[in-house]
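Chain order of the listed sequences is A and B. For the first sequence, the numbering used here begins at 98 and goes up steadily by one. For the second sequence, the numbering used here begins at 18 and goes up steadily by one. Taking it in order: structure first as structure tokens, then the write-up.
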Amino acid sequence: MQFTFLTYIPFLISICFGTLLVNTLFINKKSDRIINFLLGGGIGLGVSSHATFLSYVLFNQLNVNFVIGLNIAMLIITSIVYVTACRRQHQPIIRFSFADLKHLWPFLIITLFSLPFWYEGHFYLNGGWDAWSVWNLKAKFLFLGTENWKAIFNPLMWRSSPHYPLLLPMINVYGWSFLGEPNPLIPCTTAALLTFLLTGLLTFSLIRLTKSYYAVICAPVLLTLPYFVKLCLSQYADVAVGYYLLASVVCLIFAQKENNKVYALLSGIMVGLLSFTKSEALVAALLLTLLGGLFLIWKQPWKDVKWTVICFLGACVIGLLPAAAFKIFFSPGNQTFINGLLSAEKPADLMRVKIIFSFYLMELISPNWNGLWIVLSALLIFAVKRIFSRELLIIPAFIFCYAGIITAYYFINTYFVVDWWLMVSFHRIIYAIIPTVILWTFYAVFKKKQL
Amino acid sequence: MKPYLPKTRLQYLFLICFSTIVITNSVVLIQPMKRIYTYKKVVTHQIIGHQFAGLEEYTKKEPIIGYYSDTDLQDKKQGKLLAHAQYILAPTILDVGNLDHKYILFVCEDERHVWQKMKELNAMPYLRNEFGMILAERK
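As structure tokens, this is what we get:
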């Protein structure tokens with residue numbers, strides 16, 4: 098298999114039009130261009146994924162010319178809009194000075210600590226078990242299946258979770274459209290890019306929030322954690338869940354802190370993209386929509402925050418439409434569900450609850466995480482007066498509600514033996530929220546006291 | 018924007034804990050790197066489903082084929098083999114255990130079981146690859 102520069106072109110197109118879109122939204126407002134790039138990259142990938150999905154909706158199969166043409170058209174349109182907006186606002190199109198380079202040094206740290214991940218990821222080109230049996234398998238069916246692409250929803254494919262949304266497979270299909278074959282370099286690059294955007298966004302958003310460059314320690318903690326690295330390079334959708342969840346929360350915090358309508362809009366877009374990654378991420382997205390709206394309104398005069406809240410909720414509603422369309426028109430429903438509250442054969446009982454909570458504790462102290470969860474828990478306890486402060490409230494509210502919903506689901510769905518199910522799935526759920534928890538902890542510890 | 022020194026004991030504790038985690042993680046991370054360095058002397062990258070490579074050319078026009086194995090598919094190794102077969106032969110669906118299809122893929126440890134089953138089903142071998150995977154066609 099030959100590496101070609103063509104592998105990177107679809108990602109460059111997505112990142113470019115995503116970043117241009119975000120920069121256009123901030124055209125006459127103060128913003129951090131590095132964060133714009135890190136948010137724009139994720140938005141670009143998500144929009145390209147939806148554009149690919151649109152091909153199946155309109156043509157009932159993959160139309161490569163439509164997918165490539167639409168993405169290039171989006172790049173051209175966003176470029177024209179951005180240039181026009183710059184001219185109208187009398188702003189330079191390319192704002193760059195050599196003095197800006199000194200702010201980019203955290204990228205060097207992230208890149209350095211990403212090298213082992215890069216090395217390992219390019220050996221395990223086909224990813225982990227769920228890559229070849231779920232995510233890349235779906236992508237292959239979508240890419241090669243022509244009009245029979247709906248075979249991924251066939252009940253015989255129950256092992257590949259046919260009810261899962263398709264953001265990650267669609268990103269990979271988009272990349273394969275340029276290469277003309279299901280080359281494993283594309284899913285490998287998708288995983289690497291999402292990991293880079295995730296760690297970059299965590300670092301730079303904390304630098305902006307706390308004005309402390311010590312935030313650069315957060316990315317290496319993740320990039321050297323063998324379990325985290327393994328899950329990133331396994332090419333699962335959980336890295337996408339982690340990124341879009343973090344991005345939603347970061348934008349919500351900025352939106353609340355600055356009463357900024359643009360960040361509220363971006364947060365809504367990220368919530369929408371989050372909803373199309375996995376089923377539990379759809380639950381997380383709905384929860385964030387509700388909690389985010391309350392978070393923006395909480396103890397604020399309505400007339401001051403009205404448009405910020407409307408921007409957020411409006412973007413959430415629009416962003417949730419593709420996931421809703423998928424669930425209503427395509428998804429066969431969860432075939433691996435038995436309601437234990439109603440089932441006589443597989444009832445949900447108290448022992449199940451005990452097993453669930455015991456497993457939670459065992460997982461958090463497991464050597465797989467090298468003590469990270471123990472350290473985070475201790476720091477959160479020591480900073481207890483600050484972790485529930487106004488600007489951070491969205492994070493504990495989300496985590497406690499999400500934990501409750503996940504626990505209830507583990508309890509009620511008795512299709513699987515609970516200890517096996519927890520063993521294969523719980524670590525991925527907490528892997529997806531760990532960047533958000535690190536954000537919470539660092540911000541609580543390092544935020545400046547209000548004078 | 019200037020970085021500032023840690024001002025509180027909690028901030029020092031945070032940095033010490035996180036730095037310790039980074040250092041210990043980095044040491045642990047050396048092991049998988051060494052392992053991959055050794056593997057790379059033999060293969061350039063991970064290869065999956067090589068046992069089924071080439072079969073997809075013959076099954077690609079079939080939406081569904083049967084899959085028969087004389088082993089326990091609950092076993093992790095056999096389950097992995099099934100997953101690899103499904104990935105390589107995608108977009109053809111493998112209908113595990115259902116032999117009411119025109120084509121059936123036999124993945125057996127003992128080839129005698131394959132011939133026995135083919136006789137029961139009145140099926141003829143269509144293709145056999147070097148790994149002993151047999152694609153049979155029912156008459």
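Ideal Cβ positions, reconstructed from N, Cα and C, are used throughout, including at glycine. These figures come from a predicted structure and were not determined experimentally.
If I measure Cβ to Cβ from residue 118 of chain A and keep anything under 6 Å in the same chain, skipping five residues before and after, which residues do I get? One-based indexing of the first sequence puts residue 118 of chain A at position 21. Excluding positions up to five away in sequence, the list reads 175.
Beta-carbon proximity check, residue 275 of chain A vs residue 107 of chain A, cutoff 8 Å: As a first step, residue 275 of chain A must be located in the first sequence, where it is residue number 178. As a first step, residue 107 of chain A must be located in the first sequence, where it is residue number 10. Result yes, Cβ atoms of residue 275 of chain A and residue 107 of chain A sit closer than 8 Å.
Residue burial classification, residue 120 of chain A (beta-carbon count within 10 angstroms, cutoff 16): For this step, residue 120 of chain A is matched to residue 23 along the first sequence. Buried.
Taking the DSSP output, what are the residues bridged to residue 83 of chain B? Here residue 83 of chain B corresponds to residue number 66 of the second sequence, with the count starting at 1. Its beta-bridge partners are B:112, B:121.
Give the range of the beta strand (DSSP E) segment to which residue 155 of chain B is assigned. Here residue 155 of chain B refers to the residue found at position 138 when the second sequence is read from its first residue. Residues 151 to 155.
I'd like the list of long-range same chain contacts for residue 385 of chain A, defined as Cβ closer than 7 Å, with 5 residues on each side in sequence excluded. As a first step, residue 385 of chain A must be located in the first sequence, where it is residue number 288. Correct list, in chain order: 345, 368, 495.
Residue 28 of chain B classed as buried or exposed, judged by whether at least 16 other C-beta atoms fall within 10 angstroms: Here residue 28 of chain B refers to the residue found at position 11 when the second sequence is read from its first residue. Buried.
Would you call residue 209 of chain A buried or exposed, if buried means 16 or more other Cβ atoms sit within 10 Å of its Cβ? Locating residue 209 of chain A in the first sequence gives position 112, counting from the first residue. Label assigned to residue 209 of chain A: exposed.
Compare the C-beta of residue 34 of chain B against all C-beta atoms of chain A and say whether one is closer than 8 Å. Position 17 of the second sequence, counting from 1, holds the residue named residue 34 of chain B. Interface residue, yes.
When the distance is taken between beta carbons, is residue 453 of chain A closer than 8 Å to residue 508 of chain A? Locating residue 508 of chain A in the first sequence gives position 411, counting from the first residue. Locating residue 453 of chain A in the first sequence gives position 356, counting from the first residue. Yes, Cβ-Cβ distance for residue 508 of chain A and residue 453 of chain A is below 8 Å.
Identify the contact partners of residue 476 of chain A in chain B, using a Cβ-Cβ distance below 8 Å as the criterion. Within the first sequence, residue 476 of chain A is the residue found at index 379, counting from 1. In chain order: 27, 30, 31, 34.
Answer yes or no: does any C-beta atom of chain B fall closer than 8 Å to that of residue 321 of chain A? Working through the first sequence from its first residue, we reach residue 321 of chain A at position 224. Yes, because at least one Cβ of chain B sits closer than 8 Å to the Cβ of residue 321 of chain A.
Segment contact, 8 Å Cβ cut-off, at least three pairs: the stretch 260 to 270 of chain A with the stretch 278 to 290 of chain A: yes
How should residue 332 of chain A be labelled, buried or exposed, when 16 other C-beta atoms within 10 angstroms of its C-beta is the threshold for buried? Here residue 332 of chain A corresponds to residue number 235 of the first sequence, with the count starting at 1. Answer is buried; the Cβ neighbour count reaches 16.
Burial state of residue 103 of chain B, where buried means 16 or more other Cβ atoms lie within 10 Å: If you number the second sequence from 1, residue 103 of chain B lands on position 86. Burial call: buried.
Tell me whether residue 59 of chain B is buried or exposed, calling it buried when 16 or more other Cβ atoms sit within 10 Å of its Cβ. On the second sequence, residue 59 of chain B is found 42 positions in, with the first residue counted as 1. Counting Cβ neighbours within 10 Å, residue 59 of chain B comes out exposed, since fewer than 16 surround it.
In whole angstroms, what is the alpha-carbon distance linking residue 301 of chain A and residue 254 of chain A? For this step, residue 301 of chain A is matched to residue 204 along the first sequence. For this step, residue 254 of chain A is matched to residue 157 along the first sequence. The straight-line gap from Cα to Cα measures roughly 41 Å.
Tell whether a beta-carbon distance below 8 Å holds between residue 372 of chain A and residue 417 of chain A. Residue 372 of chain A sits at position 275 when you count from the first residue of the first sequence. Residue 417 of chain A sits at position 320 when you count from the first residue of the first sequence. Yes; because the gap between Cβ atoms is below 8 Å, this pair is in contact.
Please check the pair residue 419 of chain A and residue 150 of chain A, which I expect to be a contact at CB under 8 Å, by giving their CB distance rounded to whole angstroms. Here residue 419 of chain A is taken as the residue at index 322 of the first sequence, counted from 1. Here residue 150 of chain A is taken as the residue at index 53 of the first sequence, counted from 1. With 8 Å as the limit, residue 419 of chain A and residue 150 of chain A qualify as a contact, their Cβ atoms being about 6 Å apart.
Are residue 250 of chain A and residue 270 of chain A closer than 8 Å when you measure CB to CB? As a working note, residue 250 of chain A is residue 153 in the first sequence. As a working note, residue 270 of chain A is residue 173 in the first sequence. The answer is no: Cβ separation not under 8 Å.
Three-state secondary structure assigned by DSSP to residue 98 of chain A: As a position in the first sequence, residue 98 of chain A is number 1, starting the count at 1. Model confidence at residue 98 of chain A stands at a pLDDT of 48, short of 50, so the residue's coordinates are unreliable; what they give is reported in the following sentence. Residue 98 of chain A falls in the coil class under three-state DSSP.
Excluding the 5 residues preceding and the 5 following residue 54 of chain B in the sequence, name in chain order all residues of the same chain whose CB lies nearer than 7 Å to its CB. In the second sequence, counting from the first residue as 1, residue 54 of chain B sits at position 37. Correct list: empty, nothing qualifies.
Since residue 141 of chain B sits in a beta bridge, which residues does DSSP pair it with? For the purposes of this step, residue 141 of chain B is identified with residue 124 of the second sequence, where counting begins at 1. Beta-bridge pairing links residue 141 of chain B to B:154.
Coil, strand or helix - residue 36 of chain B by DSSP: Looking up residue 36 of chain B in the second sequence gives position 19. The answer is helix: DSSP assigns residue 36 of chain B an H, G or I state.
Spatial neighbours of residue 237 of chain A within its chain, please: C-beta separation below 7 Å, excluding the five flanking residues on both sides. Start at 1 with the first residue of the first sequence, and residue 237 of chain A comes out as number 140. Around residue 237 of chain A: 279.
Residues near residue 87 of chain B by beta carbon distance below 7 Å, same chain, minus five either side: Translated into the one-based positions of the second sequence, residue 87 of chain B becomes position 70. The residues are 125, 126, 127, 130.
Are the C-beta atoms of residue 269 of chain A and some chain E residue less than 8 Å apart? Among the protein chains in the structure shown, which are A and B, there is no chain E.
Taking contact to mean 3 or more Cβ pairs, one atom from each stretch, closer than 8 Å, check whether the stretch 313 to 332 of chain A and the stretch 31 to 46 of chain B are in contact. yes
Could you tell me the alpha carbon to alpha carbon distance between residue 77 of chain B and residue 118 of chain B, rounded to whole angstroms? Indexing the second sequence from 1 puts residue 77 of chain B at position 60. Indexing the second sequence from 1 puts residue 118 of chain B at position 101. Distance between the alpha carbons of residue 77 of chain B and residue 118 of chain B is about 14 Å.
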